[in-house]
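Engineer: Residue numbers (the working numbering): 2 to 129. We put the beta carbon where it would ideally sit given N, CA and C, even for glycine. Keep in mind that this is a model prediction, so the values were computed, not measured.
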Amino acid sequence: MIDGFEYSPSAFRKLSRSRKKELMVQWFHEHFEDPAVRLPYESAEGGYQWTWGGPYSADDEIQSEFSDVASFELMQEAVDEVQSDGLFDWAPVAESQSDDNASFESSAFDLEDFVGTRRDSAAASRGI
């Protein structure tokens with residue numbers, strides 16, 4: 002699920018290169034965050050206490066999620082964007098902790114159906 006929608010692998014493959022990259026980065030940020038947001042930091046214990054797993058790598062997580070639908074080069078571009086602020090160790094966001102680990106590939110959303118539904122709704126709201 003990305004931005005509240007589930008994309009089927011075939012729908013994702015049909016997207017433009019820039020949109021794929023944008024969605025991979027967005028997916029990552031929906032599932033992972035800076036550990037400073039919620040994790041306890043204990044300097045005596047060596048830093049962040051990874052109480053919910055981690056640290057997670059953008060490279061590993063993006064490849065794990067998108068390797069069947071995106072090229073390695075495109076995934077690396079998404080990783081580079083995620084890590085552009087210098088953060089390389091990530092923690093899961095709160096919603097991911099209770100997630101059933103549903104993968105991208107098990108998604109059932111069809112982009113074409115969604116676009117058609119939105120067109121129909123827009124036309125109806127204009128009285129067409």
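So, with DSSP's three-state summary, where would you put W53?
Structural biologist: Along the sequence shown, one-based indexing puts residue 53 at 52. Residue state, collapsed to three classes: coil.
Engineer: According to DSSP, A92 sits in a beta bridge with which residue or residues?
Structural biologist: Against the sequence shown, residue 92 aligns to sequence position 91. DSSP output for A92 lists E34 as bridge partner(s).
Engineer: Are the beta-carbon atoms belonging to G55 and P41 less than 9 Å from one another?
Structural biologist: Along the sequence shown, read from residue 1 onward, the residue named residue 55 stands at position 54. Along the sequence shown, read from residue 1 onward, the residue named residue 41 stands at position 40. Against a cut-off of 9 Å, the Cβ pair of P41 and G55 comes out as no contact.
Engineer: Please report the Cβ distance between A92 and W53, rounded to the nearest whole angstrom; I am assuming they are in contact, meaning their Cβ atoms lie under 8 Å.
Structural biologist: Numbered from its first residue, the sequence shown carries residue 92 at position 91. Numbered from its first residue, the sequence shown carries residue 53 at position 52. Right, their Cβ atoms sit about 7 Å apart.
Engineer: Run the CB neighbour count on E78, radius 10 Å, all protein chains shown included, and call it buried at 16 or more, exposed below.
Structural biologist: Start at 1 with the first residue of the sequence shown, and residue 78 comes out as number 77. E78 comes out buried.
Engineer: Identify, in the order they occur along the chain, each residue of the same chain with its Cβ nearer than 6 Å to the Cβ of D90, setting aside the five sequence neighbours on each side.
Structural biologist: Within the sequence shown, numbered from 1, the residue matching residue 90 stands at position 89. Taken in chain order, the residues that qualify are P56.
Engineer: Alpha carbons only, please: which of L75, F67, E34 and L88 is nearest the one belonging to V94?
Structural biologist: As a first step, residue 94 must be located in the sequence shown, where it is residue number 93. The option with the nearest alpha carbon to V94 is E34.
Engineer: In whole angstroms, what is the alpha-carbon distance linking V80 and F73?
Structural biologist: Taking the first residue of the sequence shown as 1, we reach residue 80 at position 79. Taking the first residue of the sequence shown as 1, we reach residue 73 at position 72. In a straight line, the C-alpha of V80 is about 10 Å away from that of F73.
Engineer: Give the range of the alpha helix (DSSP H) segment to which L75 is assigned.
Structural biologist: In the sequence shown, residue 75 corresponds to position 74, counting from 1. F73 to V83 is the extent of the alpha helix (DSSP H) around L75.
Engineer: Since G48 sits in a beta bridge, which residues does DSSP pair it with?
Structural biologist: Here residue 48 corresponds to residue number 47 of the sequence shown, with the count starting at 1. Beta-bridge pairing links G48 to E43.
Engineer: Rounded to whole angstroms, how far is the Cβ of K15 from the Cβ of A71, which I believe are closer than 8 Å?
Structural biologist: Position 14 of the sequence shown, counting from 1, holds the residue named residue 15. Position 70 of the sequence shown, counting from 1, holds the residue named residue 71. K15 to A71, Cβ: 12 Å. No contact.
Engineer: G47 CB to nearest chain C CB: under 9 Å?
Structural biologist: Here chain C cannot be found, since the structure has a single protein chain.
Engineer: Please determine, among P10, Q64, R18 and A59, the residue with the shortest C-alpha to C-alpha distance to Q84.
Structural biologist: Along the sequence shown, read from residue 1 onward, the residue named residue 84 stands at position 83. Comparing Cα-Cα distances from Q84 to each of P10, Q64, R18 and A59, the minimum goes to A59.
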